[in-house]
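Protein chains: 4
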Amino acid sequence: VVGHVETIDTREFELFDGVQEVVRVSEPYKLTSRTWKREKSVITARGVEIGGDTVVVMAGPCTIENEHQVFETARRVARSGARVLRGGAYKPRTSPYAFQGMGVDGLKILRAAGDEFNMATVSEVMEISQIEGMLPYVDILQVGARNMQNFNLLAALGQIRKPVLLKRGMSATIQEWLLAAEYIMAGGNYEVILCERGIRTFETMTRNTLDISAIPVLNKISHLPVIADPSHAVGRRDKVMPLARAIVAAGGDGLLIEVHHDPEKAVCDGPQSLYPDQFARLMDELKIIVPAVGRSI
Amino acid sequence: VVGHVETIDTREFELFDGVQEVVRVSEPYKLTSRTWKREKSVITARGVEIGGDTVVVMAGPCTIENEHQVFETARRVARSGARVLRGGAYKPRTSPYAFQGMGVDGLKILRAAGDEFNMATVSEVMEISQIEGMLPYVDILQVGARNMQNFNLLAALGQIRKPVLLKRGMSATIQEWLLAAEYIMAGGNYEVILCERGIRTFETMTRNTLDISAIPVLNKISHLPVIADPSHAVGRRDKVMPLARAIVAAGGDGLLIEVHHDPEKAVCDGPQSLYPDQFARLMDELKIIVPAVGRSI
Amino acid sequence: VVGHVETIDTREFELFDGVQEVVRVSEPYKLTSRTWKREKSVITARGVEIGGDTVVVMAGPCTIENEHQVFETARRVARSGARVLRGGAYKPRTSPYAFQGMGVDGLKILRAAGDEFNMATVSEVMEISQIEGMLPYVDILQVGARNMQNFNLLAALGQIRKPVLLKRGMSATIQEWLLAAEYIMAGGNYEVILCERGIRTFETMTRNTLDISAIPVLNKISHLPVIADPSHAVGRRDKVMPLARAIVAAGGDGLLIEVHHDPEKAVCDGPQSLYPDQFARLMDELKIIVPAVGRSI
Amino acid sequence: VVGHVETIDTREFELFDGVQEVVRVSEPYKLTSRTWKREKSVITARGVEIGGDTVVVMAGPCTIENEHQVFETARRVARSGARVLRGGAYKPRTSPYAFQGMGVDGLKILRAAGDEFNMATVSEVMEISQIEGMLPYVDILQVGARNMQNFNLLAALGQIRKPVLLKRGMSATIQEWLLAAEYIMAGGNYEVILCERGIRTFETMTRNTLDISAIPVLNKISHLPVIADPSHAVGRRDKVMPLARAIVAAGGDGLLIEVHHDPEKAVCDGPQSLYPDQFARLMDELKIIVPAVGRSI
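Chains as they are written, first to last, in the numbering used here: chain L, 266 to 562; chain A, 266 to 562; chain Y, 266 to 562; chain F, 266 to 562.
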């Protein structure tokens with residue numbers, strides 16, 4: 266069967282006797298595809314270009330705790346070369362008994378620190394009702410892995426005109442991930458950054474398995490920028506640096522990394538947060554690597 | 266280390282030299298556990314008891330399409346012994362270009378058919394803003410697999426006083442699933458029904474892999490009723506009947522099954538919908554099996 | 266592309282610009298397929314028919330330890346209706362420091378107990394050099410999950426004329442499993458019994474995830490008998506009985522179950538071995554279920 | 266419970282009422298561990314040091330086809346800096362109808378080409394009976410992913426005194442992989458090189474998912490050298506180069522890469538074989554990266 270078959274459910278044919286499998290040749294995503302747009306998309310957030318010649322590093326604490334923490338961390342990562350400041354104000358916690366974040370008060374701190382050190386800001390949105398309140402403070406709205414198929418949230422983000430950083434769901438295929446991006450783009454918001462953050466596999470020695478292959482795969486089939494988050498993928502500080510180097514060497518457009526000025530005191534995810542000195546050393550290593558992929562940092 | 270350690274992040278210790286793994290012995294969930302409540306919970310929706318001696322079958326179309334479809338299907342499944350009528354009015358679709366559901370108009374049809382054939386109703390809620398409008402028409406609110414860790418939605422469902430059917434996320438561990446139930450219960454709504462619907466594995470011959478072992482595992486550690494959805498797990502009509510029998514034989518408290526009075530014309534998931542005659546035959550087979558697990562149907 | 270394309274590596278086409286995926290429609294297995302042989306195969310081992318109207322239960326200890334243990338266990342399971350006696354003489358142990366089995370001395374005990382209680386025998390072969398020595402004592406040679414793609418062993422088993430019980434590899438797709446069976450059949454030995462024993466997934470609350478859906482899938486595409494091993498799938502005694510019932514309800518042709526006359530003293534896998542009384546109760550439950558699938562036991 | 270508990274099966278305790286999980290703190294492997302040997306092992310094969318300061322690249326065709334092919338490929342990869350020549354003489358093929366390799370005749374060609382271009386040789390052993398015949402021609406014996414838990418083969422390789430390259434099984438945990446290495450070392454052969462080659466996950470856009478995190482994880486807990494094979498992990502030429510760079514950036518001790526002087530004509534795995542020119546370019550990129558990890562190449 267060749268032709269326009271989008272509305273056909275291929276499984277109907279598989280129920281016939283003698284038929285073992287039916288396959289669909291054309292892909293269901295459009296706006297995210299290189300077929301639709303051949304050249305790589307460059308997305309700009311407060312002057313920072315993501316997807317261009319420069320590898321962009323986004324760094325900062327997992328959770329916004331207080332002004333001192335955010336400013337201290339921002340000062341250190343900015344000095345080492347980070348261009349975007351991360352920090353969570355609304356936290357998706359697996360347990361209802363864990364700290365759920367500072368909300369808008371936290372975002373004000375994030376914005377102030379971003380302004381002070383000339384960085385764009387990125388923070389996670391969990392619910393449609395939060396979007397409006399976040400816009401004044403946040404330059405890139407992050408959709409977490411657990412919400413990658415929260416279709417109402419995606420559709421609502423299609424209505425704004427700010428970059429969205431879309432994390433891959435823990436067990437999302439690359440195709441489902443692109444379709445989630447398609448939800449946002451179908452609403453008219455074309456500023457989507459994809460972020461690989463580890464997938465769920467049988468291996469338990471790391472929190473998740475960073476799917477490093479997703480980077481070259483996406484670079485071939487999609488025009489969207491692709492970054493990766495080594496901190497959540499591996500869950501332990503001593504493994505973050507090797508993976509960060511690997512992501513850049515594999516052609517990633519950027520990194521999202523947790524750094525805390527004092528990880529032992531972190532409210533959440535301290536063990537996966539780099540010390541500022543480690544972050545500085547990592548940036549030095551990345552400077553060595555980027556010419557191998559024709560980039561700067 | 267033994268004692269009250271909930272606030273400790275065990276990974277801190279793993280970063281020490283010579284330490285390879287740190288394990289947490291006590292479980293983080295409480296209200297969902299048999300330790301907290303030893304006897305099995307029986308949840309009642311419009312007079313139908315789920316978790317009691319009778320295996321409860323919930324059946325109906327994937328999507329509510331029109332009055333004729335819902336009434337025809339309801340008539341047939343009620344006659345065969347189904348006690349709860351299912352039907353989607355808000356549909357989580359992987360592609361933004363697919364049909365998204367009839368909304369409240371669909372729910373009115375569902376309610377009318379439920380009343381006509383003396384069945385309770387179950388339908389999926391995708392967004393906090395939909396809850397209020399669903400309450401008059403729906404006896405059990407279903408949370409889909411993709412929203413299992415939509416924590417804001419779970420917390421909002423903790424505030425109502427109606428049963429919630431919580432589907433397992435595609436790659437959720439049993440522990441994460443119980444913690445998601447814990448979110449609802451922590452708000453004061455203790456009426457949670459767990460629904461296994463297949464997990465994501467490497468096998469591609471079935472849409473998902475029904476984790477049949479989850480049923481006895483949950484029956485040991487949790488007091489909540491556990492049902493399963495063979496239709497979404499396997500994705501093809503000819504495999505639904507064997508799996509439905511297996512679920513009941515493994516000790517499941519009920520089934521959620523897609524039946525359509527005319528599957529070839531179904532708007533969505535036709536290939537996994539049973540014909541009414543198949544459903545009747547399945548019910549006859551289940552009647553043979555239930556005495557082996559000390560139940561009726 | 267339609268036609269005879271077996272020798273074409275489809276990935277060649279995927280390297281072209283603009284091509285995203287290439288799919289192969291015809292299946293690579295032949296002798297194992299329903300296309301090649303429409304009617305179900307019935308395999309006979311010392312008078313016991315596997316794949317026929319009767320569900321066949323194979324039971325016995327994980328490891329052969331001594332005469333008393335094997336005879337005591339055999340006596341009990343035979344009385345409850347088991348037709349085949351299992352017991353390992355060569356043990357695949359994950360650690361080199363664990364007990365590796367009694368070898369031929371163990372097989373002699375197994376044979377004697379089989380003769381005494383009128384049962385066929387099944388035992389695992391790990392290495393080509395063991396085959397010859399096993400033939401006098403063993404009616405069904407079992408290939409373990411870890412050796413499912415030990416192609417030299419499979420080819421050697423294609424040269425004998427005794428039934429082979431082929432366990433599914435821990436991460437083998439159904440297609441790879443059929444191709445492993447094809448290796449044996451390509452040598453001329455058509456007596457292959459497939460045995461599902463759990464696949465590896467992210468879930469850690471059970472040792473493996475029993476892929477119950479594999480049973481109806483295989484029943485459609487292959488003529489070979491399909492049994493399942495709930496003991497290794499779940500790894501804990503209290504979950505074995507529910508899964509055993511589920512396997513039979515799903516249409517399995519038989520069961521492979523670990524039973525030990527005194528599980529607390531078992532050399533290996535005691536926690537997943539049923540007590541003889543539990544096994545008797547299970548058989549009673551199965552007697553209730555089998556009419557639902559048109560079988561006897 | 267703290268103390269010497271190796272012989273205890275922890276599951277026994279889990280069967281008690283009120284107990285949900287039992288965990289084992291001490292690890293079951295010894296000889297492979299950093300606890301047993303703190304400094305990194307350097308393994309020497311015909312003068313090539315693996316695990317030392319220099320990143321070692323092993324390259325060559327998937328299958329040995331003829332003298333021209335092996336010599337042409339060897340000439341090109343040696344010139345670019347490869348130190349070990351790979352080539353399969355015994356091929357593990359998923360289908361019994363595929364080409365199974367040239368055997369000893371192929372190994373003679375491999376040895377001659379290795380001598381001509383001053384390279385060590387590596388080739389896969391599938392069966393105990395092949396070992397003896399391979400020793401004169403092969404400097405490193407490779408165990409394939411499908412044989413990682415072929416315990417008889419591992420034990421036999423423990424009796425020789427030549428390096429063994431042990432590929433990770435498709436669904437083997439890192440711990441099972443180390444235990445497989447332990448089988449070889451327990452026999453007295455301490456020359457084991459670990460090779461990551463992709464694990465099986467739900468993602469289908471790549472053949473396997475390269476578990477890049479395994480490299481830093483192993484570097485912490487084991488003293489054995491760790492290399493990786495990007496060709497089998499991803500299965501497509503255009504993704505091999507980014508992954509090869511990532512492996513070196515993550516701290517891998519070497520690479521195993523398929524290169525063919527004329528991939529279109531390759532008997533097997535042509536689509537994942539690099540052209541010699543691509544390989545030369547890759548080596549140039551790696552030269553840029555290695556200082557970032559304190560290595561040479």
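Glycine included, every Cβ here is placed at the ideal spot set by N, Cα and C. Every value quoted in this text rests on a predicted model; they were computed, and no experiment measured them.
For F/Met384, the secondary structure class from DSSP, reduced to helix, strand or coil, is coil. Closer than 7 Å to the CB of F/Glu550 there is at least one CB belonging to chain L.
The beta carbon of Y/Glu550 sits closer than 7 Å to those of Arg510, all from its chain and outside the five residues before and after it, given in chain order. Non-local C-beta neighbours of A/Ile374 in its own chain, meaning closer than 7 Å and more than five positions away in sequence, comprise Ile329, Glu332, Val335, ordered along the chain. In this structure, the straight-line span from the alpha carbon of Y/Glu397 to that of Y/Val429 is close to 14 Å. In the displayed model, A/Lys432 falls within a strand according to three-state DSSP. In the DSSP assignment, Y/Leu419 falls within the unbroken alpha helix (DSSP H) covering 416-422. For L/Gln365, the three-state secondary structure derived from DSSP is coil. For the region 464-494 of chain L, the residues whose beta carbon sits under 8 Å from a beta carbon of chain Y are, in order, Arg465, Thr466, Phe467, Thr469, Ile486. The beta carbon of L/Met450 sits closer than 8 Å to the beta carbons of Leu296, Thr297, Gly423, Val457 from its chain, once the five residues preceding and following it are set aside; these are given in chain order.
Residue state for F/Val532 is assigned as coil, using DSSP reduced to three classes. Proximity of Y/Thr300 to chain F, defined by a Cβ-Cβ separation below 7 Å, is not satisfied. The beta carbon of L/Asp404 lies closer than 6 Å to those of Ala310, Arg311, Ala385, Thr386 in the same chain, with the five residues before and after it left out.
Around the beta-carbon of L/Pro507, 16 or more other beta-carbon atoms lie within 10 Å, marking it buried. The DSSP-derived three-state label of Y/Leu444 is helix. Remark: C-beta atoms of F/Gly463 and F/Ala437 do not approach each other more closely than 7 Å. Burial is judged here by how many other beta carbons sit within 10 angstroms of a residue's own beta carbon; L/Ser538 has at least 16 and is buried.
Secondary-structure assignment with DSSP links Y/Asp476 through a beta bridge to A/Asp476.
Straight-line spacing of the CA atoms in Y/Ile425 and Y/Leu400 works out to 9 Å. The criterion of a C-beta distance shorter than 7 Å is satisfied by F/Thr338 and F/His526. According to DSSP, A/Ile492 shares a beta bridge with A/Cys460, A/Gly519. Taking 7 Å as the cut-off, the beta carbon of A/Ser360 is found no closer than this to the beta carbon of A/Leu489. Residue pairing by DSSP puts L/Val408 in a beta bridge opposite L/Leu431. Under the three-state reduction of DSSP output, A/Thr359 falls in the coil class, being neither helix nor strand. Put simply, of F/Ile486, F/Glu523, F/Ala545, F/Ile562 the residue whose alpha carbon is nearest the alpha carbon of F/Val513 is F/Ile562.
With respect to the 7 Å criterion, L/Phe382 and L/Ala343 are classified as neighbours on the basis of their beta carbons. Minimum Cα-Cα distance from L/Ser394 among the listed residues L/Leu350, L/Tyr355, L/Arg376, L/Met548 corresponds to L/Tyr355.
L/Lys432 is positioned such that its CB atom lies no closer than 7 Å to that of L/Gly452. If you draw a straight line from the Cα of L/Pro293 to the Cα of L/Glu447, it comes to about 10 Å. Comparing alpha-carbon positions, the option among A/Ile486, A/Thr469, A/Glu523 lying closest to A/Asp542 turns out to be A/Glu523.
The closest CA to that of L/Leu406, considering only L/Arg546, L/Met323, L/Val505, is found on L/Met323. In this structure, the straight-line span from the alpha carbon of L/Glu389 to that of L/Met367 is close to 12 Å. For a cut-off of 8 Å, the C-beta gap from Y/Asp494 to Y/Leu521 is around 4 Å, short enough to register as a contact. When the alpha-carbon of A/Ile308 is set against those of A/Pro556, A/Ile439, A/Ala545, A/Gly519, the nearest one is in A/Gly519.
Closest in alpha carbon position to Y/Val349, among Y/Gln365, Y/Arg358, Y/Ile315, is Y/Ile315.
In terms of Cβ geometry, F/Ala515 and L/Ile553 do not form a close pair [threshold 7 Å].
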